[in-house]
Amino acid sequence: MNIEIIHSLFLKCNSISIDTRKIEPNSFFVAIKGDRFDANTFAKEAIEKGASYVVIDNEGYYIDERTILVEDSLLALQELARFHREYLKLPIVALTGSNGKTTTKELINAVLSKKYNTKATVGNLNNHIGVPLTLLSFTPQTEIGIVEMGANHQKEIEFLCEITQPDYGYITNFGKAHLEGFGGVEGVIKGKVRCIHFF
């Protein structure tokens, strides 16, 4: 099933979830594998709790026509988020930095929401799963999206920017955070500025 068809099914739903404990009626559930769990096993439960569609990557858990079988659920989530971002064509502000990201995101949102209908990252859902979920929470009524991006290794910010395609960017600071993954402070700076060419 191609991403355009999956997106058309997603648009019929009211919300997206990767956690059956947070399933809402008419939601779109994506089964993501973790280090200690396989959410494919929760596909049936998601349907029973009200999900209209479930995305799985293990055909052994296929239920019926409400099941969307893909090769990789995480990759499908990320591709769906990018497609949705292009579909909405709304301006997006992306921000990153070694610290202060969440506070800065809340401040930007507080200011912009005085004039625009804004939607921002909830909490610190700023990784390869959280960023797609944030993008998929945007609707045609969203006038400006605000996306927080975190990283602990090289090319992670670049990858998140490829999904988000931001129009504006903000870097709070460069500090001694995740030095092992970035290879030192210079690596932190290099990793954080990888998004600049998107603006």
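The sequence shown maps to residues 4 to 202 in my numbering. Positions of the beta carbon are idealized from the N, C-alpha and C atoms, including for glycine.
Worksheet item: For Phe45, which residues of its own chain have a beta-carbon under 7 Å away from its beta-carbon, when the five flanking residues on both sides are left out?
Response: Counting from one through the sequence shown, the residue named residue 45 turns up at place 42. Contacts found: Thr23 and Ala34.
Worksheet item: For Ile147 versus Leu98, is the C-beta distance shorter than 8 Å?
Response: Stepping through the sequence shown from its first residue, residue 147 is reached at position 144. Stepping through the sequence shown from its first residue, residue 98 is reached at position 95. In terms of Cβ geometry, Ile147 and Leu98 do not form a close pair [threshold 8 Å].
Worksheet item: Taking the alpha helix (DSSP H) that Val114 falls in, what are its first and last residues?
Response: As a first step, residue 114 must be located in the sequence shown, where it is residue number 111. First-last of the alpha helix (DSSP H) with Val114: Lys104 to Leu115.
Discussion item. Going by the DSSP bridge assignment, what does Lys158 pair with across the sheet?
Written reply: Working through the sequence shown from its first residue, we reach residue 158 at position 155. Its beta-bridge partners do not exist; DSSP assigns none.
Fill in: Which residues DSSP lists as bridging Val57, in chain order
Taking the sequence shown and counting its residues from 1, one reaches residue 57 at position 54. Answer by DSSP bridge pairing, in chain order: Phe32 and Thr70.
Discussion item. Is the separation between the beta-carbon of Ser76 and that of Gly53 shorter than 8 Å?
Written reply: Position 73 of the sequence shown, counted from the start, is the residue given in the question as residue 76. Position 50 of the sequence shown, counted from the start, is the residue given in the question as residue 53. Gly53 sits away from Ser76, with the two beta carbons spaced by 8 Å or more.
Practice prompt. Look up Val96 in the DSSP assignment and give the residues it is bridged to.
Written response: Stepping through the sequence shown from its first residue, residue 96 is reached at position 93. Looking at the DSSP assignment, Val96 forms a beta bridge with Ile149 and Tyr171.
Worksheet entry | Where the alpha helix (DSSP H) containing Ser11 begins and where it ends | Taking the sequence shown and counting its residues from 1, one reaches residue 11 at position 8. Residues Ile6 to Phe13.
Worksheet item: When burial is assigned at 16 or more other CB atoms within 10 Å of the CB, is Glu143 buried or exposed?
Response: As a first step, residue 143 is located in the sequence shown; it is residue number 140 there, counting from the start. As written in the sequence, residue 143 is Pro, which differs from the Glu given in the question. When all chains shown are included, Pro143 counts as exposed.
Discussion item. For Arg88 and Phe141, I'd like the C-alpha separation in whole angstroms.
Written reply: Stepping through the sequence shown from its first residue, residue 88 is reached at position 85. Stepping through the sequence shown from its first residue, residue 141 is reached at position 138. Rounded to whole angstroms, Arg88 to Phe141 spans 8 Å at the Cα level.
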